[in-house]
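Counting from 2, one number per residue, gives the positions in the sequence shown under my numbering.
The structure appears below as structure tokens.
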Amino acid sequence: MTWYLIGSLAALFTSLGFVPQMVKMWRTRSVKDISPLTLGQLALGVSLWTVYGLHLKDTIIVAANVISLATLLLGLALYLRYSARKRT
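Spelled out as structure tokens, the structure:
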């Protein structure tokens, strides 16, 4: 039970780790310090972790990485929105 709790807490903190950056992008309407390569690399990494979790049938790994991927895709959408605004 203890390891399940530790794994769940680790998943929660890591899967929501990008949220403060997204809030900052949203509030400032600026993405000047954000690297799209980093967003893409992280999205690829959590996608692979999701596949790995599916292979292991590990709900914690899958859930954490699906949440992370959704967060990163939203971050990428914000990046595209605010970087396009800058060009026009």
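C-beta atoms are modelled at their ideal positions from N, C-alpha and C, and glycine is treated no differently.
Please read these numbers as outputs of a predicted model, since none were measured by experiment.
Hey, would you say residue i sits closer than 8 Å to residue j, going by beta carbons?
i, j, result
"residue 109", "residue 9", "For the chain, the structure presents residues 2 to 89; residue 109 sits outside this window and is missing."
"residue 44", "residue 70", "yes"
"residue 62", "residue 53", "yes"
"residue 30", "residue 80", "no"
"residue 76", "residue 40", "yes"
"residue 78", "residue 12", "no"
If you measure from the CB of residue i, is any heavy atom of the ligand SAH nearer than 7 Å?
i, result
"residue 50", "The ligand SAH is not part of this structure, which contains no ligands at all."
Under a Cβ-count criterion, where at least 16 other Cβ atoms within 10 Å of its own Cβ denotes burial, should residue i be classed as buried or exposed?
i, result
"residue 73", "buried"
"residue 4", "exposed"
"residue 26", "buried"
"residue 20", "exposed"
"residue 24", "exposed"
Uninterrupted beta strand (DSSP E) stretches inside the segment 7-42 (no shorter than 3 residues): none
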